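Numbering (our numbering), first residue to last: 274 to 1122. By construction, the Cβ of each residue, glycine as well, lies at the ideal position given by its N, Cα and C atoms. Predicted model, so just to flag it, every value in this text is computed and none were measured.
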Amino acid sequence: MDPNTIIEALRGTMDPALREAAERQLNEAHKSLNFVSTLLQITMSEQLDLPVRQAGVIYLKNMITQYWPDRETAPGDISPYTIPEEDRHCIRENIVEAIIHSPELIRVQLTTCIHHIIKHDYPSRWTAIVDKIGFYLQSDNSACWLGILLCLYQLVKNYEYGSPGNVSKEYNEFAEVFLKAFAVGVQQGIIQDVIFPLMCYTDADEELWQEDPYEYIRMKFDVFEDFISPTTAAQTLLFTACSKRKEVLQKTMGFCYQILTEPNADPRKKDGALHMIGSLAEILLKACWVLHYFCEVKFKSDQNLQTALELTRRCLIDDREMPVKVEAAIALQVLISNQEKAKEYITPFIRPVMQALLHIIRETENDDLTNVIQKMICEYSEEVTPIAVEMTQHLAMTFNQVIQTGPDEEGSDDKAVTAMGILNTIDTLLSVVEDHKEITQQLEGICLQVIGTVLQQHVLEFYEEIFSLAHSLTCQQVSPQMWQLLPLVFEVFQQDGFDYFTDMMPLLHNYVTVDTDTLLSDTKYLEMIYSMCKKVLTGVAGEDAECHAAKLLEVIILQCKGRGIDQCIPLFVEAALERLTREVKTSELRTMCLQVAIAALYYNPHLLLNTLENLRFPNNVEPVTNHFITQWLNDVDCFLGLHDRKMCVLGLCALIDMEQIPQVLNQVSGQILPAFILLFNGLKRAYACHAEHENDSDDDDEAEDDDETEELGSDEDDIDEDGQEYLEILAKQAGEDGDDEDWEEDDAEETALEGYSTIIDDEDNPVDEYQIFKAIFQTIQNRNPVWYQALTHGLNEEQRKQLQDIATLADQRRAAHESKMIEKHGGYKFSAPVVPSSFNFGGPAPGMN
């Protein structure tokens, strides 16, 4: 077998033009003698490009998994192809060294190969692998250890599941005896002699507690410590052992009970026993720590619950040891969240509890506690409101303390997480008191100091949280102080905030929509926002940020319709359409840029067309007007969600309703009504989806943890260890990995940018695209029959029926809106009127003036 021929074929599989011929050539050669061993040689050749070697090892893996094992055939049948013994011998002799010396991408595939070889050839045909593994493990060359450990792991995996359902017949009896007589005993010995000592309070713990209790807290709550902690590994092993066999669970609980009830037992051993019980909380459903993990258990006695809460509260407020206070804080929060009656009991103590939490956060700078206080704020929103100002002041002081840590100091990463948690906590407080205007105004001053500190010191890692905080302060109104923040935001954007434009977007959206009057009162505000959008659209911010910039321009146009920003429209349209002259990778950006021009068309059709006629882009000889309208109609199926489709409908309505029809419209007149039909069909789905989501959101609180893994009770096991089901499950686990179920996200029928609402999205706004379309179409029919004929002459019967359905729905929506208005003002609700059966439309088009 000529290696060069195989190499060229493998190289050809990566070329779309040559792939089919190359694969055919490999398929024809794969049964040849020495083909498989040649593949291994190619895989290990360092003179070849890595992609060729990867193609070779993948083909080798497929050959070994399909054709390595011998296959039995009935007498008279043709024997199926298997890899020749000569090739097998070559592979067995060299694959261990191949795994040792290969790069990671090759090694992964070779490891799968050796797994299958061991499965079928060890020990009957390949005992030499044990000697090879032993030889390399004793080698002083550390470079070979990773590869040989992988080989050892594959050998050990051959014995991973020794259940009667997955062993050869001669081992059946041994497997059954081992399960019944030894499995539990062996695990119990490991639990008592290995796991238990690891979970006890140690001399090292005591020394750290006494010398630096704050470092003790940090270590115990540091998620990265878990990766290297033997205690965490012991917890995992204990949980697995007890969840698989109920006998292990019963004996373990008996062991823990014996220690806890022994009057003279070492307190450290009691700590270890409590630690073990807490680790088994998920199966059974350290005093505060155990309460934390038993928070979901149903208390049979209210007195027991009250006692647990009272003791935990005292630990939080009165205990002198800071680690105890931290555990008590977490335990108290989870008890309140999971026990209905707990909230009522703690209500009278909410002020001292919150003060204690704030004090602990400042002292420990522990990020877990910021989550605790956020959840407590949500649980006690009414009780927290009177002390919100005091809490925010305390949090602001703690934030300033935390960020004093330099980026190179030890623990700076942990402190950054804590600082982010504090900012999120302040944001949560703002949301709780948003209906209390006086309190919000007091919080605004405190928050502005925090915002100013971060922006003026250019602490980039907190920009996202700071802009979220500023957004929360502008949702109801924009105060003069918040308008003074805009120039600072603009300055930050120009210096180092360019990459944070999407984080600024909610705040900028509020400036435009919440206080439009002030926005238009001084041209510098609009100039700053436009300048930011322009810089994003002409820079290298990425298409997501560019979509946000175009969206903000569209929002401004719609929000200021009829407010005299005619001089801005050409600038906005040019910025958006100029972006389309460069490479666009996503349909989202293309449609969003088009939508800026569509909004301008809705704002003032004549102004938009004049703007397009005066635009000149390099390397584009076609008139911009023609190109824009053609591109729009070609991309109409790319407009998704409620707002984008509605905007398209309103734009097309404004376009076809012009007294002087643009010449390009006559050329594409046959596309216009089909485009309307497509948009209205999409709108129908989007409205239905929107209504469904609103209904679903009402039911969210009723369905909690439905998809969690079913936990084992204290007196049950997941399977019958003596039954065939247990053996079959173990055999199945050993023999196959299992495929993940395919999952497809439902079409949500909404776009990511729809959260940035505009004036036309307001439910109480009279801009109804169905009624506007019907009224304009009727006007065209009466005023310009020639244009009406041009629009409708190419329609088939199905399309005409769909248009009639749109007209019917327009009347129904008008009736529903009128009924809603009458009902809102204390009147009656009436049924929909009889809908006319033809296009005899009449009446004004609401919202288009």
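Exercise. Thinking C-alpha only, which one of Gln647, Ala661, Arg635, Lys648 is nearest Gln677?
Worked result: Arg635
Exercise. Exposed or buried, Glu827, counting other C-beta atoms within 10 Å across all chains shown (16 or more means buried)?
Worked result: buried
Exercise. Where does Ala823 fall in DSSP's three states?
Worked result: helix
For this session: Classify His362 as buried or exposed, calling it buried when 16 or more other Cβ atoms lie within 10 Å of its own Cβ.
Result: exposed
Exercise. What are the boundary residues of the alpha helix (DSSP H) that Met649 is part of?
Worked result: 640 to 652
For this session: Put Pro753 into one of helix, strand or coil per three-state DSSP.
Result: helix
Exercise. In whole angstroms, what is the alpha-carbon distance linking Asn277 and Gln314?
Worked result: 11 angstroms
Exercise. For Asp288, which residues of its own chain have a beta-carbon under 8 angstroms away from its beta-carbon, when the five flanking residues on both sides are left out?
Worked result: Ala295
For this session: Return the first residue and the last residue of the alpha helix (DSSP H) that Asp544 is part of.
Result: 540 to 552
Exercise. Between Trp399, Asp394, Met317, Ile387, which lies nearest to Ser375 when the distance is taken from Cα to Cα?
Worked result: Met317
For this session: Specify, as a first and last residue, the run of the alpha helix (DSSP H) that Gln715 falls within.
Result: 710 to 730
Exercise. Is Ser704 helix, strand or coil when you go by DSSP?
Worked result: helix
Exercise. Apart from the five residues just before and just after Pro520, which ones in its own chain have a Cβ nearer than 6 angstroms to its Cβ?
Worked result: Note that residue 520 corresponds to Glu in the displayed sequence, not to Pro. For Glu520, where only same-chain residues beyond five positions count, the Cβ hits under 6 angstroms are Val457.
Exercise. From this set, Asp413, Ile387, Ser415, which residue's C-alpha is nearest Val403's C-alpha?
Worked result: Ile387
Exercise. Given 8 angstroms as the limit, is there contact between the region 738 to 754 and the region 687 to 698, that is, 3 or more CB pairs closer than that?
Worked result: yes
Exercise. Any idea if Thr854 is buried or exposed, counting beta-carbon neighbours within 10 angstroms, 16 or more meaning buried?
Worked result: exposed
Exercise. Could you give the distance in angstroms between the alpha-carbon of His731 and the alpha-carbon of Cys806?
Worked result: 21 angstroms
Exercise. Measuring CA to CA, which of Ile830, Ser305, Pro896, Leu888 is closest to Gln868?
Worked result: Ile830
Problem set entry | CA-to-CA distance, Ser1092 to Phe1103, given in whole angstroms | A caution first: Phe1103 carries a pLDDT of 47, below 50, which makes its placement in the model too unreliable to give a value.
Exercise. Do you know how far the Cα of Ile802 is from the Cα of Leu793?
Worked result: 12 angstroms
Exercise. Using the rule of at least 16 other Cβ atoms within 10 Å of the residue's Cβ for burial, across every protein chain shown, is Met1094 buried or exposed?
Worked result: exposed
Exercise. With C-beta atoms as the reference, is Leu605 less than 7 angstroms away from Leu589?
Worked result: yes
Exercise. Does the separation of the CB atoms of Leu952 and Cys911 fall below 7 angstroms?
Worked result: no
For this session: Kindly indicate the opening and closing residues of the alpha helix (DSSP H) around Ile603.
Result: 595 to 611
Exercise. What number of angstroms, rounded off, separates the C-alpha of Gln531 from the C-alpha of Tyr340?
Worked result: 57 angstroms
Exercise. To the nearest angstrom, how far is it from the Cα of Leu906 to the Cα of Gln749?
Worked result: 38 angstroms
Problem set entry | Backbone secondary structure at Gly349 - three-state DSSP | coil
For this session: Apply the 10 Å Cβ neighbour rule to Arg836 and answer buried if 16 or more other Cβ atoms are within range, or exposed otherwise.
Result: exposed
Problem set entry | Sufficient close CB pairs (3 or more, under 8 angstroms) joining the region 1039 to 1057 to the region 839 to 853 | no
Exercise. Thinking C-beta only, is Leu881 closer than 7 angstroms to Ala873?
Worked result: yes
For this session: Have a look at Ala669, Glu737, Thr691, Ala661 and flag the residue whose alpha-carbon is nearest the alpha-carbon of Gln714.
Result: Ala661
Exercise. Would you call Arg344 buried or exposed, if buried means 16 or more other Cβ atoms sit within 10 Å of its Cβ?
Worked result: exposed
Exercise. Using CA coordinates, which residue listed in Thr898, Gln1075, Arg326 is at the minimum distance from His879?
Worked result: Thr898
Problem set entry | Contact the region 458 to 473 vs the region 500 to 512: 3+ CB pairs below 8 angstroms | yes
Exercise. Considering only residues of the same chain and omitting the five flanking positions on each side of Ile945, which have a CB-CB separation below 8 angstroms?
Worked result: Leu906, Leu925, Ile929, Leu938, Leu1064
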